[in-house]
Ligand code: DX5
Ligand code: ZN
């Protein structure tokens, strides 16, 4: 398992998005939260904005689609140049077909679970994905508190991946900061999204380094 820190730009200064992306050049990927005001009560970027960010960013993009009708709209984000595209299981009619379409479009594929969505429906189709995203807050906004109640689900996902002899990443998103990242790593996560923790401090690079060190100390 290789640890990755993917800062979310959701709460950065959008008037200076290029420089805000430069501030996280030491991170692994930039996490881009796409919201449509239907799946979540918030609205952010479309494919053309993602395409511009992909061209400008010093690191690859990890697009997290919080949109209804993922089947219809997700591939546009792969075509826009996101290296990885994650859609929500709750928003996909045909997750296997969609995963294959995304791969064909050249993206790595993640599947996300809201806090109340169980992992069991994924168990037989894990091999279709590169990553499972276990949401550790209700999606929609940055700055919320990490849900410790999601730790057993992180553990179950990691165990299911090992039992199937697969090599998927387990991403956690929501409330990740110095105080919580160790618990998520210990439970089996290896890709960590951190929004407010990274963008609320002056030295984003130092924060990314601290998060990386803490995750490494607690992972096994
Ligand atoms: C929430 C988004 C997150 C958010 C994380 O719906 O998916 O990526 O930006 O922000 P923090 O790290 O502040 O909880
Ligand atoms: Zn996200």
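Numbering (the numbering used here), first residue to last: 78 to 297. Every residue gets a Cβ at the ideal spot worked out from N, C-alpha and C, and that includes glycine. Small disclaimer: the values here were computed from a predicted structure and weren't measured.
May I have the straight-line CA-CA distance separating residue i from residue j, to the nearest angstrom?
| i | j | result |
| --- | --- | --- |
| residue 233 | residue 186 | 20 Å |
| residue 147 | residue 257 | 30 Å |
| residue 239 | residue 206 | 14 Å |
| residue 275 | residue 200 | 33 Å |
| residue 176 | residue 127 | 19 Å |
| residue 125 | residue 202 | 31 Å |
| residue 223 | residue 165 | 19 Å |
| residue 134 | residue 95 | 7 Å |
| residue 253 | residue 120 | 22 Å |
| residue 229 | residue 270 | 19 Å |
| residue 162 | residue 145 | 15 Å |
| residue 86 | residue 190 | 20 Å |
Under a three-way DSSP split, which group does residue i fall into?
| i | result |
| --- | --- |
| residue 149 | helix |
| residue 109 | strand |
| residue 91 | helix |
| residue 189 | strand |
| residue 253 | coil |
| residue 295 | helix |
| residue 129 | helix |
| residue 79 | coil |
| residue 161 | strand |
Is it buried or exposed, residue i, if we count other Cβ atoms within 10 angstroms and call 16 or more buried?
| i | result |
| --- | --- |
| residue 83 | buried |
| residue 267 | buried |
| residue 91 | exposed |
| residue 288 | buried |
| residue 237 | buried |
| residue 97 | buried |
| residue 209 | buried |
Which same chain residues end up closer than 8 Å to residue i when comparing Cβ atoms and leaving out the 5 residues on each side of it in sequence?
| i | result |
| --- | --- |
| residue 227 | 192, 211, 212, 213, 249 |
| residue 220 | 88, 272, 273 |
| residue 204 | 241, 243 |
| residue 158 | 127, 128, 131, 132, 138 |
| residue 99 | 135 |
Can you name, in chain order, every residue of its own chain whose Cβ lies under 6 Å from the Cβ of residue i, other than the five neighbours on each side?
| i | result |
| --- | --- |
| residue 278 | 284 |
| residue 143 | 112, 116, 117, 216 |
| residue 235 | 247, 265 |
| residue 103 | 282, 285 |
By Cβ distance below 7 Å, which residues in the same chain neighbour residue i in space, the five residues on each side in sequence not counted?
| i | result |
| --- | --- |
| residue 291 | 255, 258, 259 |
| residue 80 | 267, 289, 292, 293, 296 |
| residue 155 | 162, 179, 182, 183, 184 |
| residue 231 | 211, 247, 249, 261, 264, 265, 266 |
| residue 171 | 148 |
So with Cβ pairs under 8 Å, would you call residue i a contact of chain D?
| i | result |
| --- | --- |
| residue 274 | Among the protein chains of the structure shown there is no chain D, as only one such chain exists. |
Cβ contact check for the region 129–146 and the region 102–109: 3 or more pairs under 8 Å | Enough Cβ pairs lie closer than 8 Å, so yes.
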